[in-house]
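Trainee: Keeping their order, the protein sequence lines are chains A, B and C. Numbered by the numbering used here, the letters in the first sequence go through residues 355 to 815 in order. Numbered by the numbering used here, the letters in the second sequence go through residues 151 to 457 in order. Numbered by the numbering used here, the letters in the third sequence go through residues 45 to 269 in order. Ideal Cβ placement from N, Cα and C applies to all residues, glycine included.
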Amino acid sequence: MPEGILCNKQVVDTKEKLNALLADKSGKQYYDEMTRLDVDTEALWATIEKTCKSRLRTWLEICAHCGMCADSCFIYLANKRDPKQVPSYKIQSTLGEIVKRKGKVDNEFMRYVMDTAWAKCTCCNRCATYCPFGIDMGVMFGYVRGLCFSHGFVPWELKIGSGMHRIYKAQMDITTEDWVDTCEWMVEEYEEDWPGLEIPVDKENADIIYTVNAREPKHYPEDLAEAAILFHIAGENWTVPSQGWEETSLAMFAGDWGACKLQVESVYAAMDRLKPKRMVVTECGHAYRATVLEGPYWAGIKSGKTPIESFHYVEWVAEALRTGKLKIDPAKKIKEPVTYQDSCNYIRNGGLGDYAREIMSYIAEDFREMKPCREHNFCCGGGGGLNGIGRYRKERNIGLTVKRDQILATGAKLVVTPCHNCWDAIRDLEEVYKIGIRWSFLKPLLLGMVEVPEHLLPREE
Amino acid sequence: MFKKILFATTSSPACDNAAKVAFDLELKWDAKLMVFHVLGVPTRGYSSFVTDVRTGETESIDPDYVEWVTEEMKYTYENLLKDSENSTLEAVIGVPHREILRKARKENVDMIIMGAHTRDEDIGATRYRSVVGSTMQKVAKSARCPVIIVSRPCTTCWKLFSNIVICTDFTKASNSAFLWAAKLSKEVNARLHIFHAVDINAGEPGKVSGQSEIEGRINEAKGRIETMYIPELKDFDNYEVGTREGTPYVEILKFAREKQADLIVMAHHTREIDPELALLGSTVEQVVLRSACPVTSVNHPDKVADE
Amino acid sequence: MYELVTGPLAWLSFGIFFFGLFYRLVWYIRGLNWQMDRVSYTQNMVYGIKGALRSILFWLVPFGTRSWRYYPGFTILVFIFHICLLATPVFLMGHNVLLLERWGFSLPTLPEGIADFMTTCVIVSAVFIICRRIALPEVRILTKPYDLFVLAIAVAPFITGFFAFHQVGSYDFWIIAHVLCGEIMLVAIPFTKLSHFLLFFLSRAQMGMDYGIKRGGMKNKGMAW
Ligand code: SF4
Ligand code: SF4
Chain A
355 MPEGILCNKQ VVDTKEKLNA LLADKSGKQY YDEMTRLDVD TEALWATIEK
405 TCKSRLRTWL EICAHCGMCA DSCFIYLANK RDPKQVPSYK IQSTLGEIVK
455 RKGKVDNEFM RYVMDTAWAK CTCCNRCATY CPFGIDMGVM FGYVRGLCFS
505 HGFVPWELKI GSGMHRIYKA QMDITTEDWV DTCEWMVEEY EEDWPGLEIP
555 VDKENADIIY TVNAREPKHY PEDLAEAAIL FHIAGENWTV PSQGWEETSL
605 AMFAGDWGAC KLQVESVYAA MDRLKPKRMV VTECGHAYRA TVLEGPYWAG
655 IKSGKTPIES FHYVEWVAEA LRTGKLKIDP AKKIKEPVTY QDSCNYIRNG
705 GLGDYAREIM SYIAEDFREM KPCREHNFCC GGGGGLNGIG RYRKERNIGL
755 TVKRDQILAT GAKLVVTPCH NCWDAIRDLE EVYKIGIRWS FLKPLLLGMV
805 EVPEHLLPRE E
Chain B
151 MFKKILFATT SSPACDNAAK VAFDLELKWD AKLMVFHVLG VPTRGYSSFV
201 TDVRTGETES IDPDYVEWVT EEMKYTYENL LKDSENSTLE AVIGVPHREI
251 LRKARKENVD MIIMGAHTRD EDIGATRYRS VVGSTMQKVA KSARCPVIIV
301 SRPCTTCWKL FSNIVICTDF TKASNSAFLW AAKLSKEVNA RLHIFHAVDI
351 NAGEPGKVSG QSEIEGRINE AKGRIETMYI PELKDFDNYE VGTREGTPYV
401 EILKFAREKQ ADLIVMAHHT REIDPELALL GSTVEQVVLR SACPVTSVNH
451 PDKVADE
Chain C
45 MYELVTGPLA WLSFGIFFFG LFYRLVWYIR GLNWQMDRVS YTQNMVYGIK
95 GALRSILFWL VPFGTRSWRY YPGFTILVFI FHICLLATPV FLMGHNVLLL
145 ERWGFSLPTL PEGIADFMTT CVIVSAVFII CRRIALPEVR ILTKPYDLFV
195 LAIAVAPFIT GFFAFHQVGS YDFWIIAHVL CGEIMLVAIP FTKLSHFLLF
245 FLSRAQMGMD YGIKRGGMKN KGMAW
């Protein structure tokens, strides 16, 4: 069978295709079709010749096979140091082989590549900081994912996810109306407690344009309300766009570069349309990575920067605390031991470690670092889309043990997790391993401790 | 008075009593009944996994599964559905309180009926309390319409109610609760008990108010009831006023019992800023858990006044 | 024979060595693509250079990075091996005598005893490196015959030189073997993994630019390697 009905080399760009995929129970038929999907070896090799250039070739070639990257990889550590999980081995046995065989690989091999690219690497890029040559498996597996995607070897959920981006310009089926309505709804729900609360949609020339993760309007709109309340307390002049409000990119996890481009362009278009001074992204790591760090390149912006300056939520919070826009009631600071989950995407790969520390210095009395931390922190265990892929649930759960032990070693019972994926991974690790911890985004914590100016309090008659 | 009723169920025995009331109301008031079940709590990041509300297990979600749960609901409410004339069944994925509120808002319902969703069986509450909190609590606080919580068997048909207790703390929300209770009392011709409990623990923690101070506050409360509520009743005279002192939820429960209340109506006590932080939950929650009769929580003026 | 290997062949191998490396350099830089690599190399040059220098310098210092500190034993091994491997031939008395004879200039030289010790270091550390390759499962799985072959090319000049210097057996044989091995190594550098002689710097610079430009370098003080 050259191509399956569900599992094929085409992108998902219509609702029919999307619904057909969604209707497939856990991707059963999809994965079944995958076992018979033809590999277009010529196209594969042609792509590699065109895109696998000096940087990647050099990495593949000069890898000294020294194994210094081994201990840097949490998946290797979590799997009892299984040599097959050494980063270098993982890439040599996949991309390395494809290049060596000039693209002449078969279906079975491609499935192995897929399993490796998604279940054995979360693209956390930690190994790159431990390899003397800076060889970055995260980058390479990102590249491999792109190859896999274009040849149809991509986990079911991510095929759906990238399709969502193409169709809805969001990772979930949320239309513009849904989104705007959710904003109104949240104001309705909270304005009684917060008189004057607004979620201004499409306001031009605001100081801040705020963008979110589609899971928030879809399932957790209070997150949006909390953001609004904090902006309200801080007295910010802000807005959300009616279109181009989605920051995340499952397309990035899927390796669907075309969809990545479409997605970020929708956000950049909102910036151009509304002319805000700067953008603030919600507490999501990969969203920041996708739209702020990588996005400009997908969109072909030569400066490598978003059209207006963009900030992660932690940068805004740190700034608001520093400048006194938000004031913490000293009595309400977190008294218990608390630790902070550094997200790979905006800490290691975005350099925002200092901001996180700054925030903790304002809100916590007993802040404990994980070891290692900051740029060198381990992935939560669910990055790179791994949290969401049913096929790799087992592997994901094994990977969580590293984070579990790191948290346990701090003695903290509360983990601050300003990233949706980390939040999930840590929730799941509590569920699987029951170590008795709690975890939270920054917003609810901040709301519990900020001093609310008198004039913003509701007036009781 | 009740044209559209949303029955939010966990589709488990905990909601059986609520189910009976819901279906009864549908028939007696010629209402449209929406039986609504939120089956799984989704993750924050991207994934198709949800935590099943009933089992706490992680399930992978697809249309089949949702359909299967809907089928199951049919089976659960088989008996009640037999007589039902105007009801729909629906199962969705989401955070329970959020989806209930979303549905209520979308359908512009006149009331929400729920089981107690006690913390023990509400996985949202016990396992992720900091995350999902208590569903009932959150629905009660934010819903625009009255929320009726039924935790014990309620044998009296609503049309036959003879005693309705409205507990006020004089907040804006309480006004709405009062108006709704008055309207219902008139409609079914029940006796309306307007009640206020002076909280002796209010003020500084640990400091119990002196007797004369309490008496002063009781008199004040009586005065406020006279001026705020009685005129609203117009020619309806089947009412009485009661005040007590103590811990509000205890007094409310005692009073309701004495008066053989068929229904307690109250506002979410808005002064308790964060119900999540209250060790035992809010007054509403305490009342709900212990009350022998259904409890209605009304917090907003939207579905209260006469159209 | 000696004339041949130290004359035309030497010219040839040095030629290949330099030309090959030059080709590698051009090939590497031309192969970089701002959009595909997702690093705006030229637009943010200053940040890029800063990042590149940090990235190279920290890694050139023994124990200068977390990774070097994480594997102290191996780090010592690697630095001894590389320092001795690079310094010994350049500053060896014999080589400089030859330089002076042919081209009329020479570099500072190492005392013979030290050079001899350093040569031994290269050989001994190579042995340790091989042992490590066999002993550690995470390294064993990566090891291919090619790795040993490349190591052999790199160490062969030292072994032969060592034998020649200590006059073990026929000096003439060893010295010719030594020169040949050296030439093989020079030729091999551009063509094999030994190209990391140059590519180490390029790859590190590239990664440094990535961190200096995109991955936070514009917002923080620089990657804490
Ligand atoms: S640390 Fe770098 S050079 Fe060594 S094996 Fe890993 S990827 Fe290869
Ligand atoms: S990027 Fe992260 S998960 Fe992937 S191989 Fe490197 S350390 Fe392991």
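Check the DSSP bridge columns for M264 (chain B) and list the partner residues they point to.
Mentor: M264 (chain B) is bridged to B:A158 and B:I299.
Trainee: Does the segment 653 to 662 of chain A touch the segment 619 to 638 of chain A, meaning 3 or more C-beta pairs lie closer than 8 Å?
Mentor: Output reads yes: the segment 653 to 662 of chain A touches the segment 619 to 638 of chain A.
Trainee: Since V448 (chain B) contacts V415 (chain B) with CB under 8 Å, what's their CB separation in whole angstroms?
Mentor: Indeed, because the Cβ distance is near 6 Å, the residues count as touching under 8 Å.
Trainee: Determine whether the Cβ of Q617 (chain A) lies closer than 8 Å to any Cβ atom of chain B.
Mentor: Cβ-Cβ to chain B under 8 Å: no for Q617 (chain A).
Trainee: For V200 (chain B), which residues of its own chain have a beta-carbon under 7 Å away from its beta-carbon, when the five flanking residues on both sides are left out?
Mentor: Closer than 7 Å at the Cβ level, and outside the excluded window around V200 (chain B), lie G190, V191, P192, E209, I211 and I243.
Trainee: Along chain B, which residues have their Cβ under 7 Å away from the Cβ of Q525 (chain A)?
Mentor: In chain order: Y196.
Trainee: Could you tell me which of A:D561, A:L796, A:D782 and A:Q597 sits nearest to K687 (chain A), measuring between CA atoms?
Mentor: The shortest C-alpha separation from K687 (chain A) is found at A:L796.
Trainee: Going residue by residue through the segment 703 to 762 of chain A, where are the continuous beta strand (DSSP E) segments of at least 3 residues, counting only ones entirely within it?
Mentor: List check, beta strand (DSSP E) in window: 718 to 722.
Trainee: Spell out whether any CB of chain C is found under 8 Å from the CB atom of A482 (chain A).
Mentor: Yes - at least one Cβ of chain C is within 8 Å of the one on A482 (chain A).
Trainee: Among C:M229, C:I233 and C:H139, which one has its Cα closest to the Cα of A159 (chain C)?
Mentor: Looking at the Cα atoms, C:H139 is the closest of the given residues.
Trainee: Within its chain, find whatever has a CB closer than 6 Å to the CB of A131 (chain C); leave out the 5 residues flanking it on each side and keep chain order.
Mentor: Answer for A131 (chain C): no residue qualifies.
Trainee: Note down, in chain order, each residue of its chain lying with its Cβ closer than 8 Å to the Cβ of N388 (chain B), except the 5 sequence neighbours on either side.
Mentor: Here the set comprises S335, N339, A340, R341 and L342.
Trainee: Could you tell me the alpha carbon to alpha carbon distance between D254 (chain C) and Y709 (chain A), rounded to whole angstroms?
Mentor: Rounded to the nearest angstrom, the two C-alpha atoms are 21 Å apart.
Trainee: Taking the C-alpha atoms as reference points, what is the distance between V756 (chain A) and R499 (chain A)?
Mentor: The alpha-carbon atoms of V756 (chain A) and R499 (chain A) are separated by roughly 24 Å.
Trainee: Do you know how far the Cα of C361 (chain A) is from the Cα of W510 (chain A)?
Mentor: Cα-Cα distance, rounded: 8 Å.
Trainee: So with CB distances below 8 Å, who are the chain C contacts of W413 (chain A)?
Mentor: Neighbours of W413 (chain A) on chain C, chain order: S247.
Trainee: Where does R302 (chain B) land, buried or exposed, given buried means 16+ other C-beta within 10 angstroms?
Mentor: Burial call: exposed.
Trainee: So which residues of chain B does N479 (chain A) contact, with C-beta pairs closer than 9 Å?
Mentor: Residues of chain B passing the Cβ test: none, with the nearest at roughly 18 Å.
Trainee: So M468 (chain A) is in the alpha helix (DSSP H); what residue range does that whole segment cover?
Mentor: Segment N461 to A473, the alpha helix (DSSP H) holding M468 (chain A).
Trainee: Given this structure, state the Cα-to-Cα distance separating N258 (chain B) from G506 (chain A), to the nearest angstrom.
Mentor: Spanning the two alpha carbons is a distance of roughly 45 Å.
Trainee: Which residues in the same chain have their Cβ closer than 6 Å to the Cβ of G260 (chain C), if we skip the five residues on either side of it in sequence?
Mentor: Once the five neighbours on either side are set aside, G260 (chain C) has no close Cβ partner at all.
Trainee: At a cut-off of 7 Å, would you count P316 (chain A) as near ligand 2, judging by its Cβ distance to the nearest heavy atom?
Mentor: Nothing about residue 316 (chain A) can be read from this structure; chain A reaches only from 355 to 815.
Trainee: Scan the segment 64 to 101 of chain C and note each continuous beta strand (DSSP E) run of 3 residues or more that stays entirely inside, going in chain order.
Mentor: Entirely contained in the segment 64 to 101 of chain C, not one beta strand (DSSP E) run reaches 3 residues.
Trainee: Counting only Cβ pairs nearer than 7 Å, list the residues of chain C close to P661 (chain A).
Mentor: Those within 7 Å of P661 (chain A) in chain C number zero; the least Cβ separation is about 14 Å.
Trainee: If you measure beta-carbon to beta-carbon, which residues of the segment 706 to 734 of chain A are closer than 9 Å to chain C?
Mentor: Here the close residues are L706, G707, D708, Y709, P726, R728, E729 and H730.
Trainee: Between which two residues does the alpha helix (DSSP H) carrying R676 (chain A) extend?
Mentor: Its alpha helix (DSSP H) spans residues Y667 to T677.
Trainee: Should S447 (chain A) be counted as a contact of ligand 1 given a C-beta to heavy atom distance under 7 Å?
Mentor: No, the beta carbon of S447 (chain A) sits no closer than 7 Å to any heavy atom of ligand 1.
Trainee: For K379 (chain A), which residues in chain B fall below 7 Å Cβ to Cβ?
Mentor: Under the 7 Å cutoff, chain B gives D212 and D214.
Trainee: What in chain B is Cβ-close to Y574 (chain A), meaning under 8 Å?
Mentor: Within chain B, the residues near Y574 (chain A) are R194, V245 and R248.
Trainee: Roughly how many angstroms lie between the CA atoms of R435 (chain A) and A179 (chain C), to the nearest whole one?
Mentor: Going from the Cα of R435 (chain A) to the Cα of A179 (chain C) covers about 14 Å.
Trainee: Does the beta carbon of P509 (chain A) sit closer than 8 Å to a beta carbon anywhere in chain B?
Mentor: Closer than 8 Å: no.
Trainee: List, in chain order, every chain B residue whose beta-carbon is nearer than 8 Å to that of W548 (chain A).
Mentor: Those do not exist, as W548 (chain A) stays about 12 Å from chain B at its closest Cβ, beyond 8 Å.
Trainee: So L383 (chain B) and A332 (chain B) are in contact, right, with Cβ under 8 Å, and what is the actual spacing, rounded?
Mentor: The pair is a contact, with the Cβ atoms about 6 Å apart (cut-off 8 Å).
Trainee: Can you grab the Cα-Cα spacing for the pair N325 (chain B) / K453 (chain B), in whole Å?
Mentor: Approximately 12 Å between the Cα atoms of the pair.
Trainee: Name, please, each residue of chain A whose Cβ falls closer than 7 Å to the Cβ of R255 (chain B).
Mentor: By Cβ distance, chain A contributes W539.
Trainee: Could you run through the segment 288 to 299 of chain B and flag, in chain order, every residue whose CB is less than 7 Å away from some CB of chain A?
Mentor: Result list: S292.
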